[in-house]
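What follows is a short report on a single structure.
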Amino acid sequence: MTQDKAEQHVIFASTILLLLFAGLTLFIASIARASIARANPGPDAAASSATYRAKCAACHGPDGGGSEVGKSMHVPDLRSQAVQKQSDAELAQIISNGKGGMPAFKDSLSEDQIHALVTHIRTLHQKK
Ligand code: HEC
3 MTQDKAEQHV IFASTILLLL FAGLTLFIAS IARASIARAN PGPDAAASSA TYRAKCAACH
63 GPDGGGSEVG KSMHVPDLRS QAVQKQSDAE LAQIISNGKG GMPAFKDSLS EDQIHALVTH
123 IRTLHQKK
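In structure tokens form, the structure reads like this:
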């Protein structure tokens, strides 16, 4: 009888421990998810801003306002109306084929990447 009681205690205690452990794991997982979500609004947005920093920011600056080099080449402010009023298709076409001092990217970027960059340019506008 006392043997049974002791066994029940062990089972009870290990069940509690297991529940605590599961709860803790879920809790940590949800914190991790929340902080990842805060760091990047979405996988596409993160990838396109990385592409932008790698391929475009040297001339256009991290915020689209133009780097020192870009300003010497008279890059337009990507946040300006002159750029933003153009359709997605027009902007994608310019990124693909280039324009004036702006290099063509159709050989180094996929169509999806170019469209993601157009979306990224729209977000620069919102941040101004
Ligand atoms: C070597 C410097 C350089 C790099 C790198 C560069 N650009 Fe440009 N970009 C320019 C210049 C110069 C212009 C102005 C072209 C003109 O109007 O003659 C321009 C213009 C633009 C315009 C506006 C075109 C218009 O007529 O309104 C967009 C949009 C643009 N670039 C996007 C990008 C994107 C996206 C990337 C990265 C994939 C990029 N650029 C990389 C130099 C650069």
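Here the sequence shown is numbered in my numbering, starting from 3 and rising by one per residue. Where is the CB? At the ideal position from N, CA and C, for every residue including glycine.
Any idea what DSSP makes of residue i, helix, strand or coil?
i      : result
LYS73  : helix
ARG124 : helix
ASP114 : helix
LEU22  : helix
ASP79  : coil
ASP65  : coil
ASP46  : helix
ASP109 : coil
On the DSSP bridge list, what partners appear for residue i?
i      : result
LYS101 : MET104
At which residues does the alpha helix (DSSP H) containing residue i begin and terminate?
i     : result
GLN88 : No alpha helix (DSSP H) holds GLN88; DSSP gives it neither H nor E.
CYS61 : 59 to 62
Should residue i be counted as a contact of the ligand HEC given a C-beta to heavy atom distance under 8 Å?
i      : result
ALA49  : no
PRO64  : no
LYS101 : yes
LYS57  : yes
HIS127 : no
THR121 : no
ILE18  : no
ALA52  : no
GLY67  : no
PHE23  : no
GLN83  : no
ALA60  : yes
PHE29  : no
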